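Undergrad:
Numbering (the working numbering), first residue to last: 340 to 418.
(1) By how many angstroms is the C-alpha of residue 341 removed from the C-alpha of residue 368?
(2) Among 404, 413, 410, whose alpha-carbon lies nearest the alpha-carbon of residue 348?
(3) Can you give the Cα-Cα distance for residue 356 and residue 394, rounded to whole angstroms?
(4) If you scan the segment 363-399 from start to end, which runs of the beta strand (DSSP E) of 3 or more residues do you find wholly inside it?
(5) Could you give the C-beta distance for residue 388 and residue 360, rounded to a whole number, given that I count them as a contact under 8 Å?
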(Lines of atoms letter the chains of each structure in order from A and count residues from 1; the text may use other names and numbers.)
(Lines give C-alpha, C1' and ligand atoms only; values in the text may rest on other atoms or scores of the structure.)
Protein backbone atom coordinates (compact mmCIF):
# COMPACT_ATOMS: atom_id res chain seq x y z
CA UNK A 1 0.00 0.00 0.00
CA UNK A 2 1.62 3.27 -1.08
CA UNK A 3 1.79 6.07 1.47
CA UNK A 4 1.54 9.57 0.10
CA UNK A 5 3.26 12.52 1.74
CA UNK A 6 0.88 14.84 3.57
CA UNK A 7 1.06 18.43 2.38
CA UNK A 8 -0.60 20.86 4.83
CA UNK A 9 -2.69 23.65 3.36
CA UNK A 10 -1.49 26.14 5.98
CA UNK A 11 1.85 26.68 7.75
CA UNK A 12 2.12 25.64 11.41
CA UNK A 13 1.11 28.07 14.13
CA UNK A 14 4.17 29.96 15.35
CA UNK A 15 2.81 31.97 18.28
CA UNK A 16 0.56 31.09 21.21
CA UNK A 17 -1.13 34.05 22.91
CA UNK A 18 -2.76 33.72 26.30
CA UNK A 19 -4.90 36.59 27.55
CA UNK A 20 -6.59 37.08 30.91
CA UNK A 21 -9.51 39.53 31.10
CA UNK A 22 -11.51 40.73 34.09
CA UNK A 23 -14.84 38.87 34.09
CA UNK A 24 -16.96 41.95 34.88
CA UNK A 25 -15.21 44.79 33.01
CA UNK A 26 -13.37 42.99 30.16
CA UNK A 27 -10.17 44.87 31.08
CA UNK A 28 -7.00 43.04 30.07
CA UNK A 29 -5.16 41.95 33.23
CA UNK A 30 -2.28 39.96 31.72
CA UNK A 31 -1.07 38.73 28.33
CA UNK A 32 1.64 36.20 27.53
CA UNK A 33 3.13 35.23 24.16
CA UNK A 34 5.02 31.95 23.83
CA UNK A 35 6.38 29.68 21.12
CA UNK A 36 4.79 26.64 22.79
CA UNK A 37 1.33 26.35 24.34
CA UNK A 38 1.11 26.78 28.10
CA UNK A 39 -0.85 24.17 30.07
CA UNK A 40 -4.59 24.54 29.79
CA UNK A 41 -6.38 26.14 32.70
CA UNK A 42 -9.95 24.97 33.26
CA UNK A 43 -13.09 26.77 34.35
CA UNK A 44 -13.14 26.87 38.16
CA UNK A 45 -9.34 26.74 38.55
CA UNK A 46 -7.75 29.27 40.89
CA UNK A 47 -4.67 31.08 39.56
CA UNK A 48 -2.36 33.79 40.87
CA UNK A 49 -1.42 36.86 38.80
CA UNK A 50 0.70 39.62 40.36
CA UNK A 51 0.10 38.23 43.88
CA UNK A 52 -3.70 38.34 43.49
CA UNK A 53 -5.85 35.21 43.33
CA UNK A 54 -8.43 34.76 40.57
CA UNK A 55 -10.96 32.09 39.65
CA UNK A 56 -11.37 31.17 35.98
CA UNK A 57 -14.98 31.85 34.95
CA UNK A 58 -14.73 31.27 31.19
CA UNK A 59 -12.27 29.95 28.58
CA UNK A 60 -12.37 30.58 24.81
CA UNK A 61 -10.15 29.68 21.88
CA UNK A 62 -9.44 31.44 18.59
CA UNK A 63 -6.80 31.30 15.86
CA UNK A 64 -5.61 32.90 12.64
CA UNK A 65 -2.82 32.00 10.20
CA UNK A 66 -0.02 32.96 12.58
CA UNK A 67 -1.30 32.61 16.13
CA UNK A 68 -3.45 30.51 18.43
CA UNK A 69 -5.29 32.39 21.18
CA UNK A 70 -6.50 31.17 24.55
CA UNK A 71 -8.70 33.74 26.26
CA UNK A 72 -9.65 33.48 29.91
CA UNK A 73 -12.20 35.62 31.74
CA UNK A 74 -11.30 35.66 35.43
CA UNK A 75 -12.70 37.09 38.65
CA UNK A 76 -10.65 38.22 41.65
CA UNK A 77 -11.19 36.20 44.81
CA UNK A 78 -11.98 38.04 48.03
CA UNK A 79 -10.48 36.27 51.02
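Ideal Cβ positions, reconstructed from N, Cα and C, are used throughout, including at glycine. All values reported here derive from a predicted model rather than from experimental measurement.
TA: Taking the geometry as given:
(1) Taking the first residue of the chain shown as 1, we reach residue 368 at position 29. Taking the first residue of the chain shown as 1, we reach residue 341 at position 2. Looking at the two C-alpha atoms, the distance is approximately 52 Å.
(2) As a working note, residue 348 is residue 9 in the chain shown. The alpha carbon of residue 348 has as its nearest neighbour, out of 404, 413, 410, the alpha carbon of 404.
(3) Mapped onto the chain shown, residue 356 falls at position 17. Mapped onto the chain shown, residue 394 falls at position 55. Straight-line Cα distance between these residues: approximately 20 Å.
(4) Positions of the beta strand (DSSP E) runs, each at least 3 residues long and wholly inside the segment 363-399, are given as 367-373, 385-388 in order along the chain.
(5) Residue mapping note: residue 388 aligns to position 49 of the chain shown, counting from 1. Residue mapping note: residue 360 aligns to position 21 of the chain shown, counting from 1. Not really, about 11 Å apart at Cβ, beyond 8 Å.
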